[in-house]
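The sequence shown begins at 37 in my numbering and counts up one residue at a time.
Notes to accompany the following structure.
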Amino acid sequence: MDLLNTLVDKGLRRELPTREEALAVLATSDDELLDVVAAAGKVRRQWFGRRVKLNYLVNLKSGLCPEDCSYCSQRLGSKAEILKYTWLKPEEASQAAAAGVAGGAKRVCLVASGRGPTDRDVERVGKTIEAIKEQNEGIEVCACLGLLSDGQAEKLREAGADAYNHNLNTSEATYGQITKTHTYADRVDTVEKAHAAGLSACSGLIAGMGETDEDLVDVVFSLRELDADSVPVNFLIPFEGTPLAKEWNLTPQRCLRILAMARFVCPDVEVRLAGGREVHLRSLQPLALNIVNSIFLGDYLTSEGQAGQADLDMIADAGFEVEGAGTTTLPAHRSDLADAAPAGGGCGTNGSASLCGSGTGAASAGDEAAGCGSACGGCSGHAHTEATPVPAQPAQAEPGALRSDLVAVRRRGAGTDIAPNA
Numbered sequence: 037m038d039l040l041n042t043l044v045d046k047g048l049r050r051e052l053p054t055r056e057e058a059l060a061v062l063a064t065s066d067d068e069l070l071d072v073v074a075a076a077g078k079v080r081r082q083w084f085g086r087r088v089k090l091n092y093l094v095n096l097k098s099g100l101c102p103e104d105c106s107y108c109s110q111r112l113g114s115k116a117e118i119l120k121y122t123w124l125k126p127e128e129a130s131q132a133a134a135a136g137v138a139g140g141a142k143r144v145c146l147v148a149s150g151r152g153p154t155d156r157d158v159e160r161v162g163k164t165i166e167a168i169k170e171q172n173e174g175i176e177v178c179a180c181l182g183l184l185s186d187g188q189a190e191k192l193r194e195a196g197a198d199a200y201n202h203n204l205n206t207s208e209a210t211y212g213q214i215t216k217t218h219t220y221a222d223r224v225d226t227v228e229k230a231h232a233a234g235l236s237a238c239s240g241l242i243a244g245m246g247e248t249d250e251d252l253v254d255v256v257f258s259l260r261e262l263d264a265d266s267v268p269v270n271f272l273i274p275f276e277g278t279p280l281a282k283e284w285n286l287t288p289q290r291c292l293r294i295l296a297m298a299r300f301v302c303p304d305v306e307v308r309l310a311g312g313r314e315v316h317l318r319s320l321q322p323l324a325l326n327i328v329n330s331i332f333l334g335d336y337l338t339s340e341g342q343a344g345q346a347d348l349d350m351i352a353d354a355g356f357e358v359e360g361a362g363t364t365t366l367p368a369h370r371s372d373l374a375d376a377a378p379a380g381g382g383c384g385t386n387g388s389a390s391l392c393g394s395g396t397g398a399a400s401a402g403d404e405a406a407g408c409g410s411a412c413g414g415c416s417g418h419a420h421t422e423a424t425p426v427p428a429q430p431a432q433a434e435p436g437a438l439r440s441d442l443v444a445v446r447r448r449g450a451g452t453d454i455a456p457n458a
């Protein structure tokens, strides 16, 4: 297929595809799906071999968010029956993080619901970062706290944070239909603050909110312009009690096409399979490992994920290996740039756009596959004794039909009396 050959060649050269080429990936037929996965796999292996980076989420503060993000189970007015609790103590968060590290996680993502942190919150998270790093040598810590004010990114960097997550979520054109209490520009501003403080930028999207193919291409192209080092791809978990509860628009095949498109547009960055993978990819999750080079383990912010041991088995069975703590995730041309970046430069700054992301535009966000000032899409656990069963679903749910049987609300892990599934 000429399209795929062209995209592979461009990916191996870190060259940006055209919008038409990206749209064509999303328009491929089911008969062409394995060819699409194989092509994306060539690009993935060029820059990341067969390594899979494991990420582990600790939900520091759950629920009761004042923002109105339509996808979020923690949003203002949400009737979703999720866990709600205030800030975990540093030692509690460190203990939860240790469970993920013991299971092989290389990065711990600290997430808190809310519009954004106060300076006191930043100090609290700083103490948590210090506690985690004291107990776990070499571990990466990514903070995800919502919109940042001036000086807060610098304080997080000083406390030892390596990265900051704030997702774009959707295209700028449709952002106002999803959230009204803050703007797309607010999210851009937060990612720019993180970049300027020298934090590695983690910014991604949520697919399945009723967006068009053009919206998906817009947001991924914006992420390339942002030059994020990590691009988490979330698939909407339609929680009952939220405005998007009936948005069951994804099939496993469409999810794979979206991931492949993201890989072709962002060939040499950490493309992370994040929230909603168990619900929407189901038995095709192993195929996705040929495209992405990073996943979350265990539970998400407010929903239960696949058992951590099942994730590890899946990685091994598919012929991949867990990335070790001593291995640099990013290719040398990106990691060298990050090491050389000044304190105000970021880990893939706009000035480096010629290498792997063109332009100076940005983006942002902070949410789970549904989470407000929280993001990534994550895990609050790792390897529990029994895998959470995922009921079978037709290839395409009837439009508008609720599929609440596929959403297991989180009831274990950090913030509960039940140990994380690690």
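Note that the Cβ used here is the ideal one computed from N, Cα and C, for glycine as well.
Boundaries of the alpha helix (DSSP H) in which residue 214 is found, first to last residue:
It spans 211–214 - the alpha helix (DSSP H) in which residue 214 sits, taken as one unbroken run.
Residues bridged to residue 208 [DSSP beta-bridge criterion]:
DSSP output for residue 208 lists no bridge partner at all.
Between which two residues does the alpha helix (DSSP H) containing residue 323 stretch?
Looking at the DSSP string, the run of the alpha helix (DSSP H) that includes residue 323 is 321–324.
Using a threshold of 8 Å, state whether the C-beta atoms of residue 220 and residue 211 are closer than that.
Yes; because the gap between Cβ atoms is below 8 Å, this pair is in contact.
C-beta neighbour in chain C for residue 180, strict 8 Å
Any reference to chain C falls outside this structure, which holds one protein chain only.
Please report the Cβ distance between residue 320 and residue 288, rounded to the nearest whole angstrom; I am assuming they are in contact, meaning their Cβ atoms lie under 8 Å.
That pair is a contact at about 4 Å.
For residue 273, does the three-state DSSP call read helix, strand or coil?
In the structure shown, residue 273 sits in coil (DSSP, three-state: anything other than H, G, I, E or B).
Of the residues 254, 323 and 51, which one's Cα is nearest the Cα of residue 352?
Distances from the CA of residue 352 to each of 254, 323 and 51 were compared; the closest alpha carbon is that of 323.
Residue 316 classed as buried or exposed, judged by whether at least 16 other C-beta atoms fall within 10 angstroms:
By the Cβ-count criterion, residue 316 is buried, with 16 or more other Cβ atoms from all chains shown falling within 10 Å of its own Cβ.
Classify residue 220 as helix, strand or coil using the three-state DSSP reduction.
Looking at residue 220 - three-state DSSP - the assignment turns out to be helix.
By how many angstroms is the C-alpha of residue 119 removed from the C-alpha of residue 147?
Note on geometry: alpha-carbon atoms of residue 147 and residue 119 lie some 14 Å from one another.
Along the chain, which unbroken stretches of the beta strand (DSSP E) at least 3 residues long are found entirely within the segment 99–162?
Counting only unbroken stretches of 3 or more residues, the beta strand (DSSP E) elements lying wholly within the segment 99–162 are 143–148, in sequence order.
Can residue 466 and residue 246 be called in contact, C-beta distance under 8 Å?
No answer is possible for residue 466: the residues shown for the chain start at 37 and end at 458.
Per DSSP, residue 237 is paired with what?
200, per the DSSP bridge assignment.
Of the residues 117, 215, 133 and 158, which one's Cα is nearest the Cα of residue 177?
Measuring C-alpha to C-alpha distances from residue 177 to each of 117, 215, 133 and 158 identifies 133 as the nearest.
Whose CA, out of 88, 39 and 271, lies closest to the CA of residue 142?
Ranked by Cα distance from residue 142, the options 88, 39 and 271 are led by 88.
What do you reckon, are the CB atoms on residue 253 and residue 302 nearer than 8 Å?
No, these two residues do not count as a Cβ contact at 8 Å.
In angstroms with no decimal places, state the Cα-to-Cα distance between residue 345 and residue 136.
C-alpha separation (whole angstroms): 11 Å.
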